[in-house]
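Asker: Using numbering that gives the first Met the number 0, the first residue of the sequence shown is number 0, and each one after it goes up by one.
Glycine residues also receive a C-beta, built at the ideal position from the N, C-alpha and C atoms.
In this text the structure is predicted, and so the values were computed from the model without any measurement.
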Amino acid sequence: MSQAWLPVITLATSLLVAPLIFALPERASRARAVVNLSAAVLKLLLVALMVWGLYQGHRFTFGFTVVEGVSFLLQADALGLMFAGLSSLLWLATTTYAIGYLEDSPNRKRFFGFFSLCVASTIGIALAGNLFTFLLFYELLTLSTYPLVVHRGHDKALAAGTVYLRYTLTGGLVLLLGVVAQHALVGDVAFGQREVLADLGPQAHPMLTVLFVVFLLGLGVKAALVPLHGWLPRAMVAPAPVSALLHAVAVVKAGAFGIVRLVYDVYGISLSHELGLLSLLTAIAVVTILFGSVKALSQQELKPRLAYSTVSQVSYIVLGISLFGPFGTIAGLVHLMHQGLMKVTLFYCAGNYAEELGIHRIDELDGAGRRMPLTSLAFTIGALGMIGLPPVAGFITKWYLGMGAVQAGMPWVIVVIVTSSLLNAAYFLPILHRVWFRQGPAHGRGSWPEERNLGRFETSAWLLLPTAATAMFSLLVGLLAGVPFSPLDLATLMATGEYLP
0 MSQAWLPVIT
10 LATSLLVAPL
20 IFALPERASR
30 ARAVVNLSAA
40 VLKLLLVALM
50 VWGLYQGHRF
60 TFGFTVVEGV
70 SFLLQADALG
80 LMFAGLSSLL
90 WLATTTYAIG
100 YLEDSPNRKR
110 FFGFFSLCVA
120 STIGIALAGN
130 LFTFLLFYEL
140 LTLSTYPLVV
150 HRGHDKALAA
160 GTVYLRYTLT
170 GGLVLLLGVV
180 AQHALVGDVA
190 FGQREVLADL
200 GPQAHPMLTV
210 LFVVFLLGLG
220 VKAALVPLHG
230 WLPRAMVAPA
240 PVSALLHAVA
250 VVKAGAFGIV
260 RLVYDVYGIS
270 LSHELGLLSL
280 LTAIAVVTIL
290 FGSVKALSQQ
300 ELKPRLAYST
310 VSQVSYIVLG
320 ISLFGPFGTI
330 AGLVHLMHQG
340 LMKVTLFYCA
350 GNYAEELGIH
360 RIDELDGAGR
370 RMPLTSLAFT
380 IGALGMIGLP
390 PVAGFITKWY
400 LGMGAVQAGM
410 PWVIVVIVTS
420 SLLNAAYFLP
430 ILHRVWFRQG
440 PAHGRGSWPE
450 ERNLGRFETS
460 AWLLLPTAAT
470 AMFSLLVGLL
480 AGVPFSPLDL
490 ATLMATGEYL
500 P
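(1) Roughly how many angstroms separate the alpha carbons of G481 and S473, rounded to a whole number?
(2) With a floor of 3 residues, list each beta strand (DSSP E) that falls wholly inside the region 14-71, ordered by position along the chain.
(3) Given this structure, state the Cα-to-Cα distance separating V262 from F190, to the nearest angstrom.
(4) What do you get for H228, buried or exposed, if any count of 16 or more other CB atoms within 10 angstroms of its CB means buried?
(5) Taking Cβ to Cβ, would you say F71 is nearer than 8 Å to T132?
(6) When burial is assigned at 16 or more other CB atoms within 10 Å of the CB, is Q55 buried or exposed?
(7) Candidates F256, Q406, N351: which alpha carbon is nearest T93's?
(8) Taking only runs that begin and end inside the region 140-188, name each unbroken alpha helix (DSSP H) of 4 or more residues, in chain order.
(9) Identify every run of the alpha helix (DSSP H) within the region 283-369, keeping only runs that are complete inside it and at least 4 residues long; order them along the chain.
(10) If I'm right that E354 touches T458 with Cβ under 8 Å, what's the distance once you round it to whole angstroms?
(11) For T95, tell me which candidate among R31, V16, G177 has the shortest Cα-Cα distance.
(12) When the Cα of F456 is compared with those of P448, A3, W447, A467, which residue comes out closest?
(13) Ordered along the chain, which non-local residues of its own chain (more than five positions away) have a Cβ less than 7 Å from that of L210?
(14) Taking C-beta to C-beta, are V69 and D187 nearer than 8 Å?
(15) Under 8 Å by Cβ, that's how I've got F378 and L345 pegged, so tell me the actual separation to the nearest angstrom.
(16) Relative to the C-alpha of P24, which candidate in R107, I386, A39 has its C-alpha closest?
(17) Can you give the Cα-Cα distance for T9 and R304, rounded to whole angstroms?
(18) Mind checking whether T169 and V220 have CB atoms under 8 Å apart?
(19) In chain order, what residues of the same chain have a beta carbon less than 6 Å from the beta carbon of Y506, not counting five sequence neighbours either side?
(20) Can you list, in chain order, the residues of its chain whose CB lies under 7 Å from that of A425, leaving out five sequence neighbours each side?
(21) Given that a residue counts as buried once 16 or more other Cβ atoms are within 10 Å of its Cβ, and exposed if not, what is A494?
(22) Between which two residues does the alpha helix (DSSP H) holding N452 run?
(23) Between which two residues does the alpha helix (DSSP H) containing L89 stretch?
(24) Any idea if L453 is buried or exposed, counting beta-carbon neighbours within 10 angstroms, 16 or more meaning buried?
(25) Whole angstroms is fine: what's the gap from L101's alpha carbon to A349's?
(26) Name the DSSP bridge partner or partners of A222?
(27) So F82 and F323 are supposed to be a Cβ contact under 8 Å. How far apart are they, rounded?
(28) Consult DSSP for N423 and reduce its assignment to one of helix, strand or coil.
(29) Going by other Cβ atoms of all chains shown within 10 Å of its Cβ, with 16 needed for buried, is T328 buried or exposed?
(30) In whole angstroms, what separates the C-alpha of S446 from that of G439?
(31) Got a sec? Which residues, its chain only, sit under 7 Å from E507 by beta carbon, not counting five neighbours each side?
(32) Could you give the first and the last residue of the continuous alpha helix (DSSP H) run that contains L261?
(33) Between which two residues does the alpha helix (DSSP H) containing L406 stretch?
(34) In whole angstroms, give me the CA-to-CA distance for R193 and G62.
(35) What separation, rounded to the nearest whole angstrom, lies between the Cα atoms of T161 and P201?
(36) Under a three-way DSSP split, which group does A524 fall into?
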């Protein structure tokens, strides 16, 4: 088999599975689960094969001309494979989780069909080799996630879906304007051909600055940068697997990934620095990090608190790439993976509490650690990682952010990181105190809001196993950060390529 077809086959494992799922009868739960899990495992193996090939020096590229001057291009470079690896791993985990979460629920065929299209869009974004291909999958992601956001079908879900479409379609239109303007300026350019814009010379710098802002506005909606974040907290009416998908794998991460592509593979880090664009990104990231953390403090329901935490945490990626130097780049890229693992764990836990005990509010969590110890341990690992305590993955991110700030000659950024960490602690530690140290219904203090006893363990094994697995990964990528093929190793490989001649 030609290596050029590997990106296509990887994309097809979810793109072609979607119509098959739509075709299965609603009651064919077992067949649907087999198809979903088989496709997820196959995708993960194909991505792992391409990662191995990348380390061996192989290139994986597929493309064809759509019309003269416009090409569809897939390429599996280091950055794309990092994002594809995250998406594939968490698709497998979230598929497993969703099978248990939606058991006996209506419209499962519709849910899993659009779920597969959503993951196909994310893989397409990861493997896109130019802006045209990126835009195609970026817009497909918007359309495929809308049915997931409104899945429950009640008024609140439909209202949230309307807000979601207003934000994301507007962002997509702005991104389209940027892609058209860039194409008019320099034609069809593949990611990585950074010299094309740099060769335009100083006379083009004002135009390139305006174009960057247009791109940033288009991508900033999905990345939930302030003040473009308003859709994200409202989308928390969606089921827990969708929330996990939006925050850790697909939509928010696609926007952040697009900004990384913009800086490193469209403009190039040197031109971005020369134009002063990195300072703009730093300012936006700092505002978003602090705003998200402060807003999270005031949320009394668990999922909205996690949503504003995402607003803050995803901007660590933007902050990292805005710090000129290898350490900042490593921090931003490694957090692309780390935030996904930790945040998906937290949303799984929120889903477990809701499904097993009917818990939605933070003040209902008293004593939950005794009733659901494994879920609560997983939540603790995710929360401590978000705060940045070792040895969880989040510590690696914040350590490299601090070193990146010093390397870039911006030590004041360390104050922002410390302040953010203290705010993280302020909205996570009270939850942990309630979970582990307060007495709950197990000690005769009332009852759980809606206890269901879904399985022989503390909850259904379909819900518990993915939660434990992602929590363990969050811990292991921090403990074993220096081993080959770790997120830190991949990020270091990419940063070395950016800054070494």
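Answerer: Well, looking at it:
(1) Sequence index remark: in the sequence shown, residue 481 carries index 482 (1-based). Sequence index remark: in the sequence shown, residue 473 carries index 474 (1-based). Distance between the alpha carbons of G481 and S473 is about 14 Å.
(2) 60-66
(3) Reading the sequence shown from its first residue, position 263 is the one you call residue 262. Reading the sequence shown from its first residue, position 191 is the one you call residue 190. Each residue's Cα considered, the two are about 11 Å apart.
(4) Locating residue 228 in the sequence shown gives position 229, counting from the first residue. The residue in question, H228, is buried, as its Cβ has 16 or more Cβ neighbours within 10 Å.
(5) In the sequence shown, the residue the question calls residue 71 occupies position 72. In the sequence shown, the residue the question calls residue 132 occupies position 133. Yes, these two residues count as a Cβ contact at 8 Å.
(6) Your numbering for residue 55 matches position 56 in the sequence shown. When all chains shown are included, Q55 counts as exposed.
(7) In the sequence shown, counting from the first residue as 1, residue 93 sits at position 94. Checking every option, the nearest Cα to that of T93 belongs to N351.
(8) 154-185
(9) 301-321, 325-356
(10) Your numbering for residue 354 matches position 355 in the sequence shown. Your numbering for residue 458 matches position 459 in the sequence shown. Yes, they are in contact, since the Cβ atoms of E354 and T458 sit about 7 Å apart, within 8 Å.
(11) Taking the first residue of the sequence shown as 1, we reach residue 95 at position 96. Per the Cα distances, R31.
(12) Counting from 1 along the sequence shown, the entry for residue 456 is found at position 457. Minimum Cα distance to F456 is reached at A467.
(13) Position 211 of the sequence shown, counting from 1, holds the residue named residue 210. Answer for L210: G177, A180, Q181, listed in chain order.
(14) The residue labelled residue 69 in the question sits at position 70 within the sequence shown. The residue labelled residue 187 in the question sits at position 188 within the sequence shown. For V69 and D187, yes; Cβs fall inside 8 Å.
(15) One-based indexing of the sequence shown puts residue 378 at position 379. One-based indexing of the sequence shown puts residue 345 at position 346. Correct: roughly 6 Å between the Cβ atoms.
(16) If you number the sequence shown from 1, residue 24 lands on position 25. Selected option, being the one with the closest Cα: R107.
(17) The count along the sequence shown starts at 1 and reaches residue 9 at position 10. The count along the sequence shown starts at 1 and reaches residue 304 at position 305. Between T9 and R304, the C-alpha separation is close to 35 Å.
(18) Locating residue 169 in the sequence shown gives position 170, counting from the first residue. Locating residue 220 in the sequence shown gives position 221, counting from the first residue. Yes, these two residues count as a Cβ contact at 8 Å.
(19) Shown here, the chain extends from 0 to 500; a query on residue 506 therefore has no answer.
(20) In the sequence shown, residue 425 corresponds to position 426, counting from 1. Closer than 7 Å at the Cβ level, and outside the excluded window around A425, lie L296.
(21) Against the sequence shown, residue 494 aligns to sequence position 495. Answer is buried; the Cβ neighbour count reaches 16.
(22) Along the sequence shown, read from residue 1 onward, the residue named residue 452 stands at position 453. Looking at the DSSP string, N452 is not in any alpha helix (DSSP H), and its letter there is neither H nor E.
(23) In the sequence shown, the residue the question calls residue 89 occupies position 90. Where L89 is concerned, the enclosing alpha helix (DSSP H) stretches over 77-100.
(24) Counted from its first residue, the sequence shown places residue 453 at position 454. Buried, by the Cβ-count rule.
(25) Stepping through the sequence shown from its first residue, residue 101 is reached at position 102. Stepping through the sequence shown from its first residue, residue 349 is reached at position 350. Whole-angstrom Cα-Cα distance: 15 Å.
(26) The residue labelled residue 222 in the question sits at position 223 within the sequence shown. DSSP, once it has assigned bridges, lists no residue as partnering A222.
(27) Position 83 of the sequence shown holds residue 82. Position 324 of the sequence shown holds residue 323. Incorrect: roughly 22 Å between the Cβ atoms, too far for contact.
(28) Translated into positions along the sequence shown, residue 423 becomes position 424. Reduced to three states, the DSSP call for N423 is helix.
(29) Here residue 328 is taken as the residue at index 329 of the sequence shown, counted from 1. Buried: at least 16 other Cβ atoms inside 10 Å.
(30) Looking up residue 446 in the sequence shown gives position 447. Looking up residue 439 in the sequence shown gives position 440. Roughly 8 Å between the two C-alpha positions.
(31) Lying before the first or after the last residue shown, residue 507 is absent from the chain, which here runs from 0 to 500.
(32) Looking up residue 261 in the sequence shown gives position 262. Element bounds for L261: n/a, residue is neither H nor E.
(33) To locate residue 406, count along the sequence shown from 1; it is residue 407. The sequence shown places Gln at residue 406, rather than the Leu named in the question. Where Q406 is concerned, the enclosing alpha helix (DSSP H) stretches over 392-406.
(34) As a working note, residue 193 is residue 194 in the sequence shown. As a working note, residue 62 is residue 63 in the sequence shown. Each residue's alpha carbon lies about 19 Å from the other.
(35) Working through the sequence shown from its first residue, we reach residue 161 at position 162. Working through the sequence shown from its first residue, we reach residue 201 at position 202. Between T161 and P201, the C-alpha separation is close to 43 Å.
(36) Here the chain has residues from 0 to 500 only, and residue 524 is not among them.
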